[in-house]
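Q:
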Amino acid sequence: MIKMVSMLSILAIIASICSALEQERYWIETPDTENNIVFMEDRWIGIAGRDVEDKDLQDYQLKELSGVIVVQVKKNSPASKTDLQPGDVILKYEQQVVMSIKALRRMVEETPVGRKVILLVTREGKTRDVEIVVAKKKWEFEIPAMRSWVPKGWKEKPEENIYQDKENCLVLGIEIEDMTSQLRAFFGVQEDTGILITTVREGSLAEKSGFKTGDVVTKINDEKIDDLSQIKNFLCEKDSKEKLVFQVIRNKKELKILLLQKEDNPNKF
């Protein structure tokens, strides 16, 4: 019985860790201790996208406020084997109208791995069918041994064996990638700089602050952003009372976003 309870406790801990990893994949640090491997599998077609908004109707020659605008085609993905490209708008998935990125994600998750599906896609006002195969993507994460996850303040914990995460780091709830010359041209980034936001998690600090998928971060507090590590440094080294102003390019126009303070976001993760 004791062993069974212990095993259930371990599984519960792993489940909670997997949930956290799913919410924020970028801010994962691995301690120099014995580690466990956690595997996560999901279905994907290999794109990053965003919802269609009112202002997109004219820009993308759309008739209805529905669909998903492709922001990025992932390398070595099912989408990369088709002619899908950033700027395409996915209107239907297997003849079902795609209302949002959330709806598209659900449709993909409900499709058996290996099945070919037909996407109705529009580009510059012309529609066409795109055949794509739903694939299985395996995420492999290395996590600390269980002893490293003892709650802070636990009296019996050996301090030298406890992995301490950076508690002062703000977790935005985004996935980001470096820019390529092709992406810079598409998003209207003139200089050789910027980081692309490929995903904004629902209910995250980033969403509450006003960030959107497809935004390109070019500066933080007037300092140019050239790679992923710079954003991490800002989020982990900032004073809790310091304001962070992000300069982003959205729809080829510059705007500034003031990041909400950590205490202003009770639902942060």
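When you read off a place in the sequence shown, starting at 1, and then add 199, the result is the number in my numbering.
Built from N, CA and C at the ideal position, the CB exists for glycine as well.
Give every residue of the same chain whose Cβ lies closer than 7 Å to the Cβ of residue 387, excluding the five residues on either side of it in the sequence, and list them in chain order.
A: 448 and 451
Q: What residue range is occupied by the uninterrupted alpha helix (DSSP H) comprising residue 445?
A: Segment 444-449 is the beta strand (DSSP E) holding residue 445; no alpha helix (DSSP H) there.
Q: Secondary structure at residue 356, three-state DSSP: helix, strand or coil?
A: A caution first: residue 356 carries a pLDDT of 39, below 50, which makes its placement in the model too unreliable to give a value.
Q: With a threshold of 8 Å on Cβ separation, who are the neighbours of residue 354 within its own chain once the five nearest residues in sequence on each side are excluded?
A: With a pLDDT of 42 at residue 354, under the threshold of 50, the predicted position of this residue should be treated as unreliable, though the coordinate-derived value follows. Nothing meets the Cβ criterion.
Q: Count the other C-beta atoms from every protein chain shown that fall within 10 angstroms of the C-beta of residue 380, then say buried if there are 16 or more, exposed otherwise.
A: exposed
Q: With distances taken from CA atoms, which of 301, 429, 459 and 297 is nearest residue 398?
A: When the alpha-carbon of residue 398 is set against those of 301, 429, 459 and 297, the nearest one is in 301.
Q: For residue 221 and residue 284, what's the separation of their Cα atoms in angstroms?
A: Low confidence applies to residue 221: its pLDDT is 42, below 50, so where it sits in the model is not reliable, and the reading given next is rough at best. Between residue 221 and residue 284, the C-alpha separation is close to 26 Å.
Q: Taking 7 Å as the limit between beta carbons, can you name the residues of its chain near residue 426, skipping five residues before and five after?
A: 377
Q: Inspect the beta-carbon positions of residue 316 and residue 333 and report whether they are closer than 8 Å.
A: yes
Q: Looking only at its own chain, which residues have a Cβ that is under 6 Å from the Cβ of residue 259, when we skip the five neighbours before and after it?
A: Excluding positions up to five away in sequence, the list reads 288.
Q: Three or more C-beta pairs under 8 Å: does that hold for the stretch 239-252 against the stretch 411-418?
A: yes
Q: Going by C-alpha to C-alpha distance, which of 266, 247 and 248 sits closest to residue 256?
A: 266
Q: Please state whether the Cβ-Cβ distance between residue 273 and residue 245 is less than 8 Å.
A: yes
Q: Got a sec, what are the start and stop residues for the alpha helix (DSSP H) residue 312 sits in?
A: First-last for residue 312: undefined, no H or E at that position.
Q: Do you know how far the Cα of residue 391 is from the Cα of residue 434?
A: 22 Å
Q: Can you round the beta-carbon distance between residue 415 and residue 430 to whole angstroms, since I take them to be within the 8 Å contact cut?
A: With a Cβ gap of about 12 Å, residue 415 and residue 430 do not count as contacting.
Q: Return the Cβ separation of residue 385 and residue 313 in integer angstroms, given the expectation that the two are a contact with Cβ distance under 8 Å.
A: Between residue 313 and residue 385 the Cβ distance is about 31 Å, and since that is not below 8 Å, they are no contact.
Q: Entirely within the stretch 261-316 and at least 3 residues each: give me those beta strand (DSSP E) ranges in chain order.
A: 267-272 and 288-292
Q: Would you list the residues sitting across from residue 319 in a DSSP beta bridge?
A: 291 and 328
Q: Distance check for residue 457 and residue 404, CA to CA, integer angstroms please.
A: Spanning the two alpha carbons is a distance of roughly 11 Å.
Q: Give me the Cα-Cα distance between residue 275 and residue 243, rounded to the nearest whole angstrom.
A: 12 Å
Q: So, are the CB atoms of residue 318 and residue 329 less than 8 Å apart?
A: Going by C-beta atoms, residue 318 is nearer than 8 Å to residue 329.
Q: Given this structure, state the Cα-to-Cα distance separating residue 453 from residue 389, to the nearest angstrom.
A: 11 Å
Q: With DSSP run on the structure shown, which of helix, strand or coil describes residue 458?
A: coil
Q: Compute the Euclidean distance between the alpha carbons of residue 464 and residue 420, then round it to the nearest angstrom.
A: Below a pLDDT of 50, predicted positions are generally treated as unreliable, and residue 464, at 39, falls in that range; the measurement from the model is reported next regardless. Rounded to the nearest angstrom, the two C-alpha atoms are 21 Å apart.
Q: Thinking C-alpha only, which one of 325, 331, 294 and 311 is nearest residue 279?
A: 331
Q: According to DSSP, what are the bridge partners of residue 189?
A: Since the first residue shown for the chain is 200 and the last is 468, residue 189 is missing from the structure and cannot be characterised.
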